[in-house]
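Only one structure is covered here, and it is reproduced in the block below.
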DNA sequence: CGCAGGTTTGACGTCTCTCAAGCCCAGTGG
DNA sequence: CCACTGGGCTTGAGAGACGTCAAACCTGCG
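If you want it as structure tokens, here you go:
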């Protein structure tokens with residue numbers, strides 16, 4: 003499967019099966035083309051009439067390819083822009099006063115990174131978990147632009163994305179570790195569905211440690227839950243992905259609130 | 003202390019110490035006056051230059067007084083506007099497929115209600131916990147207005163408010179009930195501080211049941227935590243408020259993550 | 001082959017949930 | 001004024017779940 007990304011004004015197409023720096027194709031790319039983007043149905047483009055998609059590239063800057071392990075932004079940085087994930091996956095996190103890390107979210111295409119401020123600075127840090135790309139939306143441009151279509155789209159999109167955080171919060175208030183994990187899988191699957199991807203194959207580029215942290219449990223508890231659901235035949239988990247074999251059972255577990 | 007609210011075009015001032023329906027003062031009010039609002043330092047007005055505050059009432063509609071127990075909006079309603087709390091307190095909640103209720107937040111002045119959408123509908127229901135008032139911001143007006151100051155202010159405010167939800171999420175991932183409760187108190191106190199109110203006196207118009215639900219624990223666990231902190235002299239809790247007597251100790255408890 | 005990091009499994013202690021009883025307070029009616 | 005009543009809150013005892021610590025296990029890599 004060819005790997006396509008954008009770099010210094012070019013669209014670069016690599017052969018993912020061959021470890022090489024020599025691209026298969028190198029196409030000049032003058033700007034972002036939303037109409038050809040795979041994520042256009044899950045980002046602000048989905049809230050703009052299809053025949054007006056051309057207005058977006060005037061406000062969005064599409065970034066070069068971001069390697070796994072690269073920080074997109076850090077807590078405390080000047081919060082002058084939002085990042086909208088185009089491809090790949092990010093994890094965001096915060097540190098408390100003691101230096102404990104909390105993984106706050108895993109971001110898929112269409113998700114907003116840098117949408118949480120305090121005193122004009124980002125609250126979370128975001129790091130790429132795999133090769134990724136984002137679109138940048140500068141806030142001053144947004145204010146000055148006076149482009150009603152863009153403003154509405156951004157605000158609607160922020161409101162819809164707030165739902166992910168809410169889902170996560172609800173999952174966390176479930177007391178049982180199994181219910182939290184099941185809820186995570188179900189929400190993840192729903193997001194993949196909206197992206198037009200397979201709803202039962204969940205890639206897990208994050209470590210078990212990070213996933214456990216995000217779900218508010220220990221690594222061992224997560225491991226036990228996964229082993230149990232594996233043994234029960236509800237999921238089939240490996241190091242880098244989770245296969246949902248019995249979606250209905252998993253959904254039932256997600257609802258099983260012991261609260 | 004006089005109680006001031008707005009009703010059918012009048013500003014009504016009541017004597018809160020006397021149980022009567024006869025107002026002390028009745029002033030004609032043609033529109034919202036942000037410059038005189040007690041919440042102006044904690045809402046979108048705080049992101050608009052002071053000498054331009056007059057633009058806001060053109061877009062905001064200030065509601066009549068909302069009695070305790072009144073629903074401001076319900077999950078599933080058409081999400082065509084945001085509510086910005088002006089005074090009082092609300093609680094918002096969601097129901098899952100099983101009918102279990104999850105209290106998702108308690109909203110203080112300056113907070114946004116109705117900022118979470120799915121398919122054009124609200125996800126949460128919000129109900130007043132005491133006599134309250136809100137400002138309405140219609141989304142179509144926001145898009146068409148082309149008023150850069152307003153757009154920037156709303157987006158910045160949404161980004162700052164996203165922080166509350168994040169704080170809640172982090173509090174929920176703490177496994178210890180005591181840490182969750184302590185974190186709730188600390189965040190609550192911080193919000194009161196920003197409103198210019200006392201940071202050690204926390205009114206609790208919500209029931210213990212609702213508070214426990216919001217913190218992802220049982221009523222009994224919450225009660226035990228409160229009793230323990232009471233006995234330790236860290237707080238002094240009664241039915242309708244919590245006094246923080248040792249803020250530093252409480253802060254330390256909030257950080258004590260057993261994760 | 002050996003190493004290191006991440007992951008799984010096991011044993012044990014602790015914390016929270018559950019169920020149950022008792023308490024406190026406000027409102028009601030005698 | 002006082003007993004009654006109901007709801008919300010507190011307290012108690014037991015069971016189950018999760019965290020902790022420790023050891024073993026995989027897996028990719030040199």
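Residue numbers (the numbering used here), protein chains in the order written: chain A, 3 to 261; chain B, 3 to 261.
Each residue gets a CB set at the ideal place from its N, CA and C atoms; glycine is no exception.
What's the gap between the Cα of residue i and the Cα of residue j?
i: residue 203(B); j: residue 250(B); result: 15 Å
i: residue 254(B); j: residue 220(A); result: 21 Å
i: residue 187(B); j: residue 176(B); result: 14 Å
i: residue 47(B); j: residue 91(A); result: 36 Å
i: residue 189(A); j: residue 169(A); result: 7 Å
i: residue 63(B); j: residue 138(B); result: 5 Å
i: residue 22(B); j: residue 163(A); result: Confidence is the limiting factor: at residue 22(B) the pLDDT is only 45, short of 50, which leaves the residue's position unreliable, though a coordinate-based value still follows. Near 45 Å, if we compare the C-alpha coordinates of residue 163(A) and residue 22(B).
i: residue 77(B); j: residue 35(A); result: 36 Å
i: residue 105(A); j: residue 153(A); result: 30 Å
i: residue 248(A); j: residue 238(A); result: 10 Å
i: residue 29(B); j: residue 165(A); result: Since pLDDT at residue 29(B) reaches only 47, below the 50 mark, its modelled position is unreliable, and no value is offered.
i: residue 173(B); j: residue 217(B); result: 8 Å
i: residue 144(A); j: residue 210(B); result: 43 Å
i: residue 57(B); j: residue 146(B); result: 15 Å
i: residue 246(B); j: residue 156(A); result: 40 Å
i: residue 114(A); j: residue 84(A); result: 7 Å
i: residue 65(A); j: residue 259(A); result: 42 Å
i: residue 244(A); j: residue 161(B); result: 33 Å
i: residue 262(B); j: residue 129(B); result: Residue 262(B) is absent from the structure shown; chain B starts at 3 and stops at 261.
i: residue 226(A); j: residue 205(B); result: 41 Å
i: residue 193(B); j: residue 235(A); result: 47 Å
i: residue 252(A); j: residue 121(A); result: 41 Å
i: residue 102(A); j: residue 133(B); result: 40 Å
i: residue 123(A); j: residue 197(B); result: 20 Å
i: residue 31(B); j: residue 59(B); result: Bear in mind that the predicted position of residue 31(B) carries a pLDDT of just 45, short of 50, making it unreliable; the figure below should be weighed with that in mind. If you take the alpha carbons of residue 31(B) and residue 59(B), they lie about 12 Å apart.
i: residue 179(A); j: residue 207(A); result: 21 Å
Exposed or buried, residue i, counting other C-beta atoms within 10 Å across all chains shown (16 or more means buried)?
i: residue 53(B); result: exposed
i: residue 222(B); result: exposed
i: residue 97(B); result: exposed
i: residue 159(B); result: buried
i: residue 43(A); result: exposed
i: residue 242(A); result: exposed
i: residue 233(B); result: exposed
i: residue 71(A); result: exposed
i: residue 80(B); result: exposed
i: residue 94(B); result: buried
i: residue 240(B); result: exposed
i: residue 195(B); result: exposed
i: residue 38(A); result: exposed
i: residue 171(A); result: buried
i: residue 11(B); result: Below a pLDDT of 50, predicted positions are generally treated as unreliable, and residue 11(B), at 46, falls in that range; no measurement from the model is reported.
i: residue 148(B); result: exposed
i: residue 229(A); result: exposed
i: residue 73(A); result: exposed
So residue i packs on residue j, CB below 8 Å; how close in whole Å?
i: residue 87(B); j: residue 119(B); result: In fact, because the Cβ distance is near 18 Å, the residues do not count as touching under 8 Å.
i: residue 201(A); j: residue 191(A); result: 5 Å
i: residue 151(A); j: residue 50(A); result: 5 Å
i: residue 40(A); j: residue 257(B); result: 42 Å between Cβ atoms; not a contact.
i: residue 183(B); j: residue 224(B); result: 7 Å
i: residue 45(A); j: residue 112(A); result: 5 Å
i: residue 135(B); j: residue 67(B); result: 6 Å
i: residue 167(B); j: residue 167(A); result: 5 Å
Can you determine whether any heavy atom of the ligand NAD sits closer than 6 Å to the C-beta of residue i, and answer yes or no?
i: residue 205(B); result: Annotation note on the ligand NAD: not contained in the displayed structure, which lists no ligands.
| message | Please list, in chain order, the residues of the stretch 182-214 of chain B that have any C-beta partner in chain A closer than 7 Å. | response | Correct list: empty, as no residue qualifies.
| Using a Cβ cut-off of 8 Å, which residues of the stretch 83-116 of chain B contact any Cβ in chain A, in chain order? | From the stretch 83-116 of chain B, only 96, 98, 99, 100, 102, 104, 106 have a Cβ closer than 8 Å to chain A.
| field | Near-chain B residues of the stretch 153-179 of chain A (beta-carbon distance less than 8 Å), N- to C-terminal order | value | Listed by position, the residues of the stretch 153-179 of chain A near chain B (Cβ gap below 8 Å) are 153, 154, 156, 157, 158, 160, 161, 162, 164, 165, 167, 168, 170, 171, 172, 174, 175, 176, 177.
| request: Output, in sequence order along the chain, the residues in the stretch 67-81 of chain A whose CB is closer than 8 Å to any CB in chain B. | output: Of all residues in the stretch 67-81 of chain A, only 81 place a beta-carbon less than 8 Å from a beta-carbon of chain B.
| request: Residues of the stretch 114-144 of chain A with a CB closer than 9 Å to any CB of chain B: list them in chain order, please. | output: Listed by position along the chain: 116, 117, 118, 119, 120, 121, 122, 125, 126, 141, 142, 144.
| message | Against chain B, which members of the stretch 230-249 of chain A pass a CB distance test of less than 7 Å? | response | Taking a C-beta cut-off of 7 Å against chain B, none of the residues of the stretch 230-249 of chain A qualify.
| request: Please list the residues of the stretch 45-58 of chain A that have a C-beta atom closer than 9 Å to any C-beta atom in chain B, keeping them in chain order. | output: Listed in sequence order: no entries.
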